[in-house]
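Notes follow the structure.
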Amino acid sequence: MVSEFTKIVIDLIQSIPKSKVLTYGRIAKLAGNPQGARQVSWILHSSTKKYNLPWHRVINSKGNISLKTESEKQDQKFLLLKEGVKFCGEYQIDLANSMWNIESIDKIKEDKK
DNA sequence: AACCTGACGAAGA
DNA sequence: TTCTTCGCCAGGT
Numbered sequence: 481m482v483s484e485f486t487k488i489v490i491d492l493i494q495s496i497p498k499s500k501v502l503t504y505g506r507i508a509k510l511a512g513n514p515q516g517a518r519q520v521s522w523i524l525h526s527s528t529k530k531y532n533l534p535w536h537r538v539i540n541s542k543g544n545i546s547l548k549t550e551s552e553k554q555d556q557k558f559l560l561l562k563e564g565v566k567f568c569g570e571y572q573i574d575l576a577n578s579m580w581n582i583e584s585i586d587k588i589k590e591d592k593k
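Just so we're on the same page, this note's numbering is the position in the first sequence counted from 1, plus 480.
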């Protein structure tokens with residue numbers, strides 16, 4: 481049984497356009513749970529393989545890559561750079577430039593109905 | 001079954 | 001401004 485929240489999160493992530501990124505908190509909020517950023521991380525962790533999600537387009541609210549290991553961070557940075565995302569620090573993304581300005585979460589929701 | 005953990009984040013101290 | 005606490009909740013131990 482997958483919760484509504486989870487479904488929206490997955491749809492949202494799959495909808496992130498190339499060279500754009502979203503933050504955990506932003507996703508959680510859009511999915512209807514402003515405090516659910518943490519769930520977003522485990523959804524990502526557990527569903528990336530199943531749904532083939534662009535996990536690398538999801539970062540934390542500071543615009544940072546927050547993975548555990550260096551090699552993983554480098555992987556993500558590489559993937560983002562390849563798409564044209566700009567960095568303004570070692571693992572610091574230029575949010576003003578790359579944040580996905582999602583305007584219609586409602587559209588995604590409607591598509592699902 | 002109880003307890004811990006997590007690729008997070010906002011709010012309080 | 002940095003540090004701690006608490007909310008969220010599925011999955012693993």
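Note that the Cβ used here is the ideal one computed from N, Cα and C, for glycine as well.
Since this is a predicted model, take the numbers as computed values, not measurements.
Residue i vs residue j beta-carbon contact at 8 angstroms
i              : j              : result
tryptophan 580 : leucine 510    : no
serine 521     : valine 565     : no
serine 527     : isoleucine 488 : no
isoleucine 545 : threonine 486  : no
Residue i, DSSP secondary structure in three states
i              : result
isoleucine 582 : coil
isoleucine 496 : coil
isoleucine 539 : strand
leucine 502    : strand
Option nearest residue i by Cα separation, candidates the options
i              : options                        : result
proline 497    : Gln515, Asn513, Ala508, His536 : His536
asparagine 540 : Ser483, Asn577, Glu484, Arg506 : Arg506
isoleucine 582 : Asp591, Ser495, Ile545, Leu561 : Ser495
tyrosine 531   : Val538, Glu552, Ile493, Phe567 : Ile493
serine 578     : Asp591, Leu547, Val538         : Val538
Continuous alpha helix (DSSP H) stretch holding residue i: start and end
i             : result
aspartate 555 : 550-563
tyrosine 571  : Per DSSP, tyrosine 571 belongs to no alpha helix (DSSP H) and is neither H nor E.
valine 482    : Careful: valine 482 lies outside any alpha helix (DSSP H) and carries neither H nor E.
leucine 524   : 517-531
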